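Engineer:
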Amino acid sequence: MVLVYAESPRGQFKKAAFEAVTFGKKVADQLGVPCAAIVLGANVGSAGELGRYGAGRVVQVSDANLDHLDSQSAAAVLADAAKQLGATVLVLSHSSTGKSIAGRLAVRLNAGLVSGVNALPEMRGSDFIVKKSVFSGKAVAEYAVVSPIKILSLMGNAVKPDAIGTPANVEPLSVPVPAGRIRVKAVKTVEGTVPLPEAEVVVSAGRGMKDPSNWGIVEELAVTLDATTACSRPVADSHWRPHHEHVGQTGIAIRPNLYIAIGISGAIQHLAGVNNSKVIVVINKDPEAPFFKAADYGVVGDLFEVVPRLTAAIQKFKANN
Amino acid sequence: MKFLVCISQTPDTTAKVSFNADSTEYNSAGVQFIMNPYDEWYALVRACELREALGGTVVALNVGPAANETTIRKALAIGADEAVRIDADPKSAAYTAKQIAEYAKGQNFDLIFFGKETIDYNGAEVGAMLAEHLDLPYIAFASKLDLNGNTATVERDIEGGVEVLEVDLPFVLSAAKGMAEQRIPNMRGIMSARTKPLQVVAPVAADETVKTVRFTLPPAKAGVKLVDPENMDELVRLLHEEAKVL
Numbered sequence: 007m008v009l010v011y012a013e014s015p016r017g018q019f020k021k022a023a024f025e026a027v028t029f030g031k032k033v034a035d036q037l038g039v040p041c042a043a044i045v046l047g048a049n050v051g052s053a054g055e056l057g058r059y060g061a062g063r064v065v066q067v068s069d070a071n072l073d074h075l076d077s078q079s080a081a082a083v084l085a086d087a088a089k090q091l092g093a094t095v096l097v098l099s100h101s102s103t104g105k106s107i108a109g110r111l112a113v114r115l116n117a118g119l120v121s122g123v124n125a126l127p128e129m130r131g132s133d134f135i136v137k138k139s140v141f142s143g144k145a146v147a148e149y150a151v152v153s154p155i156k157i158l159s160l161m162g163n164a165v166k167p168d169a170i171g172t173p174a175n176v177e178p179l180s181v182p183v184p185a186g187r188i189r190v191k192a193v194k195t196v197e198g199t200v201p202l203p204e205a206e207v208v209v210s211a212g213r214g215m216k217d218p219s220n221w222g223i224v225e226e227l228a229v230t231l232d233a234t235t236a237c238s239r240p241v242a243d244s245h246w247r248p249h250h251e252h253v254g255q256t257g258i259a260i261r262p263n264l265y266i267a268i269g270i271s272g273a274i275q276h277l278a279g280v281n282n283s284k285v286i287v288v289i290n291k292d293p294e295a296p297f298f299k300a301a302d303y304g305v306v307g308d309l310f311e312v313v314p315r316l317t318a319a320i321q322k323f324k325a326n327n
Numbered sequence: 207m208k209f210l211v212c213i214s215q216t217p218d219t220t221a222k223v224s225f226n227a228d229s230t231e232y233n234s235a236g237v238q239f240i241m242n243p244y245d246e247w248y249a250l251v252r253a254c255e256l257r258e259a260l261g262g263t264v265v266a267l268n269v270g271p272a273a274n275e276t277t278i279r280k281a282l283a284i285g286a287d288e289a290v291r292i293d294a295d296p297k298s299a300a301y302t303a304k305q306i307a308e309y310a311k312g313q314n315f316d317l318i319f320f321g322k323e324t325i326d327y328n329g330a331e332v333g334a335m336l337a338e339h340l341d342l343p344y345i346a347f348a349s350k351l352d353l354n355g356n357t358a359t360v361e362r363d364i365e366g367g368v369e370v371l372e373v374d375l376p377f378v379l380s381a382a383k384g385m386a387e388q389r390i391p392n393m394r395g396i397m398s399a400r401t402k403p404l405q406v407v408a409p410v411a412a413d414e415t416v417k418t419v420r421f422t423l424p425p426a427k428a429g430v431k432l433v434d435p436e437n438m439d440e441l442v443r444l445l446h447e448e449a450k451v452l
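Chains R and L supply the protein sequences, listed in that same order.
Going by this note's numbering, the first residue of the first sequence is number 7, and it counts up by one from there.
Going by this note's numbering, the first residue of the second sequence is number 207, and it counts up by one from there.
1. Using the C-alpha atoms, what's the distance from alanine 259/L back to asparagine 263/R?
2. Comparing C-alpha positions only, which one of Phe141/R, Ile170/R and Leu37/R sits nearest to asparagine 328/L?
3. Along chain L, in chain order, which residues have C-beta atoms closer than 9 angstroms to that of arginine 261/R?
4. Pull out every residue of the stretch 179 to 202 of chain R whose Cβ sits closer than 9 angstroms to any Cβ of chain L, in chain order.
5. Report the CB separation of tyrosine 244/L from glutamate 323/L in whole angstroms; it is logged as a contact under 8 angstroms.
6. Along chain R, which residues have their Cβ under 9 angstroms away from the Cβ of valine 373/L?
7. Quick one: what's proline 217/L bridged to in DSSP?
8. Under 8 angstroms, do alanine 236/R and arginine 63/R count as touching if we go by C-beta distance?
9. Measure the alpha-carbon distance for isoleucine 396/L versus serine 102/R and round it to whole angstroms.
10. To which residues of the same chain is tyrosine 301/L closer than 6 angstroms at the C-beta, ignoring the five residues directly before and after it?
11. Does chain B have any CB closer than 8 angstroms to the CB of arginine 252/L?
12. For the stretch 145 to 211 of chain R, list the beta strand (DSSP E) runs that are entirely contained and at least 3 residues long, ordered along the chain.
13. Count the other C-beta atoms from every protein chain shown that fall within 10 angstroms of the C-beta of serine 238/R, then say buried if there are 16 or more, exposed otherwise.
14. From glutamate 197/R to alanine 319/R, what does the alpha carbon distance come to, in whole angstroms?
15. Using 10 angstroms around the beta-carbon of glutamate 246/L, count the other beta-carbons present and answer buried if the total reaches 16, otherwise exposed.
16. Please list, in chain order, all residues of the same chain as aspartate 218/L whose beta carbon is under 6 angstroms from its beta carbon, the five residues on each side excluded.
17. Decide yes or no for the touch test of the stretch 163 to 172 of chain R against the stretch 33 to 51 of chain R: beta carbon pairs closer than 8 angstroms, at least 3 of them.
18. Pop quiz: valine 373/L and alanine 386/L are said to be a contact at Cβ under 8 angstroms. What is the actual Cβ separation, rounded to whole angstroms?
19. May I ask you to list the residues that DSSP assigns as paired with tyrosine 344/L?
20. Give me the chain R residues within the contact set of alanine 426/L, using Cβ-Cβ distance strictly less than 8 angstroms, ordered along the chain.
21. Just grab the DSSP bridge partners of arginine 399/R for me.
22. For my contact list, valine 313/R and isoleucine 289/R are in at a C-beta cut-off of 8 angstroms; report their separation, rounded to the angstrom.
23. Using a Cβ-Cβ distance cut-off of 8 angstroms, determine whether phenylalanine 418/L contacts chain R.
24. Nearest chain L C-beta to glycine 118/R closer than 8 angstroms, yes or no?
25. Answer with buried or exposed for threonine 276/L, where buried requires no fewer than 16 other C-beta atoms within 10 angstroms of its C-beta.
26. Any Cβ of chain R within less than 8 angstroms of the Cβ of alanine 412/L?
27. Could you compute how far the alpha carbon of arginine 187/R sits from the alpha carbon of glycine 367/L?
28. Counting contacts by CB-CB distance shorter than 8 angstroms, is isoleucine 284/L in contact with chain R?
29. How many angstroms separate the CA atom of proline 248/R from the CA atom of aspartate 352/L?
30. May I ask you to verify whether the stretch 85 to 104 of chain R touches the stretch 27 to 35 of chain R, counting CB pairs closer than 8 angstroms and requiring at least 3?
31. Whose CA, out of Glu25/R, Asn71/R, Val306/R and Ala43/R, lies closest to the CA of valine 183/R?
32. In the DSSP assignment, what residue or residues form a beta bridge with aspartate 363/L?
33. Throw me the rounded Cβ distance for the valine 264/L and cysteine 254/L pair, which I believe falls under 8 angstroms.
34. So, for arginine 110/R: in the same chain, excluding its five sequence neighbours on each side, which residues have a beta-carbon less than 6 angstroms away from its beta-carbon?
35. How many angstroms separate the CA atom of isoleucine 270/R from the CA atom of alanine 301/R?
36. Straight-line CA distance for lysine 483/L to arginine 362/L?
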């Protein structure tokens, strides 16, 4: 069986969970085995919905100790559940939650782990081959997982959640839950926007904006596109924009479908965080900006004129479609 | 306090990525190697700051061949008190974690630091694996760490926000931006690094669960298509009809 851990930060499923179940179902179909999803926590809304993404069974370990992430208790519970259910492949999201747990699970189950997988596995003879992006998107690695139990963590935006099935019944699963040793004192989240690692469209701006008071045109473009805003490192370091908007090697690595870079020169450290974007648009007045070499579409021009013009063009397109 | 900082050696960010003839190994010819930036800027520097404030020892550990000793000496120059090199090729995360666990298990470290991931294989796996081997709590992507006696307060980056956590020592963490600022080693640090102890430890056997089959380079981009800055309708058309992202 393929067992998918559907993460539910603060009791809610997000896109990462639906992607993981969709991916798990496809892997299960390849192997000709059933797909089940597991949910941890006492306070989780509508777990049955996971059935719509392909989980034939949904099991829940209802225990308040699991409402907040403690990688130790979560890994212990998932490892026990995997054994109890006879799982041979475990799927997690390559998120702040999944990355905390996957390595622990691999040790517990003596299982091979490939993290940040971005495509379905291939079965070459008896070999189970998975691919992931390495060197910050500059190369692709293929690994053979040779252990009886295999663990894959799925990169965000690598598959499209597919709501093809019907909701499933949620079965309780009884597994011992060790008490966690990490105490959560507070959770501070930015409300109202899609977090950058999950965003499908990102509008990002850099020093070419000249002053933080000029960001209105960037925000307007982002609102028009339902995009999340981001920025380059110098902009975050000079506190023009909040730290959580910084994308690049030291900031957040993203892989949206569309990345629009405005007034960013495209230093290699910035590219390392955005290389995996499917389509890159660069707007810069300097035709020599290195970012144009990594771009799919480029606009050489004054961003203060080009960006409002692009916003207007998108509004017109949306009104006609 | 006894701090362990696990450092990795990676190709420089600007290094060309290529592979050997049968595509199974990174081609290191002519490549400049560096200490993995997250290990250096965030993990190592924060450990040194805490040692300066609270006293104790910072041990820098690397799993790698003798050629890595330049990188290890840099960690000593930045401020680590002593170093350990486990003499093995760090061929997978599981193998590396097992080596570190064997060394660390009898040493009673109060805090074990990693960088949030390496910039070459981008796995973010070894910290969690080590924590499981040692039966310790693990906090990934810590952007702030303060110690008060035996209790740590840690801020950790999550999607769209931060968690504020409390945990008692000992534990394992991976460090992200915000934890500390990069330090350039000074002349005194560089001089003293030459004489600080560097212990070489033999590796142990470990099961192989993942094998590298090959590396490939992603298909080259077709090249940028320039659009007239006066004509943003054309850009929207291309994004809709050609790129299919609108």
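Cβ atoms here follow ideal geometry from the backbone N, Cα and C, with glycine treated the same way.
None of these values were measured; they are calculated from a predicted model.
Structural biologist: Let me spell this out:
1. What you label residue 263/R is simply residue 257 of the first sequence in a count that begins at 1. What you label residue 259/L is simply residue 53 of the second sequence in a count that begins at 1. Rounded to the nearest angstrom, the two C-alpha atoms are 46 angstroms apart.
2. For this step, residue 328/L is matched to residue 122 along the second sequence. The shortest C-alpha separation from asparagine 328/L is found at Phe141/R.
3. For the purposes of this step, residue 261/R is identified with residue 255 of the first sequence, where counting begins at 1. Within 9 angstroms Cβ-Cβ: nothing; arginine 261/R doesn't reach chain L, min ~12 angstroms.
4. Gly186, Arg187, Ile188, Arg189, Val190, Lys191, Ala192, Val193, Lys194, Thr195, Val196, Glu197, Thr199, Val200, Pro201 and Leu202
5. Here residue 244/L corresponds to residue number 38 of the second sequence, with the count starting at 1. Here residue 323/L corresponds to residue number 117 of the second sequence, with the count starting at 1. About 7 angstroms separates the two Cβ atoms, so the contact holds.
6. For the purposes of this step, residue 373/L is taken as residue 167 along the second sequence, with counting starting at 1. Within chain R, the residues near valine 373/L are Arg187, Ile188 and Arg189.
7. Sequence index remark: in the second sequence, residue 217/L carries index 11 (1-based). For proline 217/L, which the question treats as bridged, DSSP gives the partners Phe239/L.
8. Counted from its first residue, the first sequence places residue 236/R at position 230. Counted from its first residue, the first sequence places residue 63/R at position 57. In this structure, arginine 63/R does not lie closer than 8 angstroms to alanine 236/R by Cβ.
9. Numbered from its first residue, the second sequence carries residue 396/L at position 190. Numbered from its first residue, the first sequence carries residue 102/R at position 96. Straight-line Cα distance between these residues: approximately 36 angstroms.
10. Numbered from 1 along the second sequence, position 95 holds the residue referred to as residue 301/L. So the list reads Ala412, once near-sequence residues are dropped.
11. As a matter of chain content, chain B is missing from the structure shown, whose protein chains are R and L.
12. 145 to 151, 156 to 160, 176 to 178, 188 to 195 and 207 to 211
13. Here residue 238/R is taken as the residue at index 232 of the first sequence, counted from 1. Classification of serine 238/R: buried, given that the 10 Å Cβ count is 16 or more.
14. Position 191 of the first sequence, counted from the first residue, corresponds to residue 197/R. Position 313 of the first sequence, counted from the first residue, corresponds to residue 319/R. Glutamate 197/R and alanine 319/R: Cα-Cα distance of roughly 28 angstroms.
15. As a working note, residue 246/L is residue 40 in the second sequence. When all chains shown are included, glutamate 246/L counts as buried.
16. The residue you call residue 218/L lines up with position 12 of the second sequence. Closer than 6 angstroms at Cβ, skipping near neighbours: Gln238 and Ile240.
17. no
18. In the second sequence, residue 373/L corresponds to position 167, counting from 1. In the second sequence, residue 386/L corresponds to position 180, counting from 1. Between alanine 386/L and valine 373/L the Cβ distance is about 19 angstroms, and since that is not below 8 angstroms, they are no contact.
19. As a first step, residue 344/L must be located in the second sequence, where it is residue number 138. In DSSP, tyrosine 344/L forms a bridge with Val378/L.
20. Counted from its first residue, the second sequence places residue 426/L at position 220. Neighbours of alanine 426/L on chain R: none; closest Cβ ~11 angstroms, over 8 angstroms.
21. Nothing can be reported for residue 399/R: it is not among the residues displayed for chain R, which extend from 7 to 327.
22. Looking up residue 313/R in the first sequence gives position 307. Looking up residue 289/R in the first sequence gives position 283. Indeed they touch by this definition, with Cβ atoms about 7 angstroms apart.
23. Residue mapping note: residue 418/L aligns to position 212 of the second sequence, counting from 1. The sequence given here places threonine at residue 418/L; phenylalanine does not occur at that position. It does: the Cβ of threonine 418/L has a partner Cβ on chain R nearer than 8 angstroms.
24. Here residue 118/R is taken as the residue at index 112 of the first sequence, counted from 1. Yes, contact with chain L.
25. In the second sequence, the residue the question calls residue 276/L occupies position 70. Classification of threonine 276/L: exposed, given that the 10 Å Cβ count is below 16.
26. In the second sequence, the residue the question calls residue 412/L occupies position 206. False, the Cβ-Cβ gap to chain R never drops below 8 angstroms.
27. In the first sequence, the residue the question calls residue 187/R occupies position 181. In the second sequence, the residue the question calls residue 367/L occupies position 161. Each residue's Cα considered, the two are about 22 angstroms apart.
28. In the second sequence, the residue the question calls residue 284/L occupies position 78. Not an interface residue.
29. Stepping through the first sequence from its first residue, residue 248/R is reached at position 242. Stepping through the second sequence from its first residue, residue 352/L is reached at position 146. Those two C-alpha atoms are separated by around 22 angstroms.
30. yes
31. Counted from its first residue, the first sequence places residue 183/R at position 177. Selected option, being the one with the closest Cα: Asn71/R.
32. What you label residue 363/L is simply residue 157 of the second sequence in a count that begins at 1. Aspartate 363/L is bridged to Val368/L.
33. For the purposes of this step, residue 264/L is identified with residue 58 of the second sequence, where counting begins at 1. For the purposes of this step, residue 254/L is identified with residue 48 of the second sequence, where counting begins at 1. Between cysteine 254/L and valine 264/L the Cβ distance is about 6 angstroms, and since that is below 8 angstroms, they are a contact.
34. One-based indexing of the first sequence puts residue 110/R at position 104. Hits under 6 angstroms: Ser77 and Ala81.
35. The residue you call residue 270/R lines up with position 264 of the first sequence. The residue you call residue 301/R lines up with position 295 of the first sequence. Roughly 12 angstroms between the two C-alpha positions.
36. The structure shown does not extend to residue 483/L, since chain L is modelled only from 207 to 452, so the question has no answer here.
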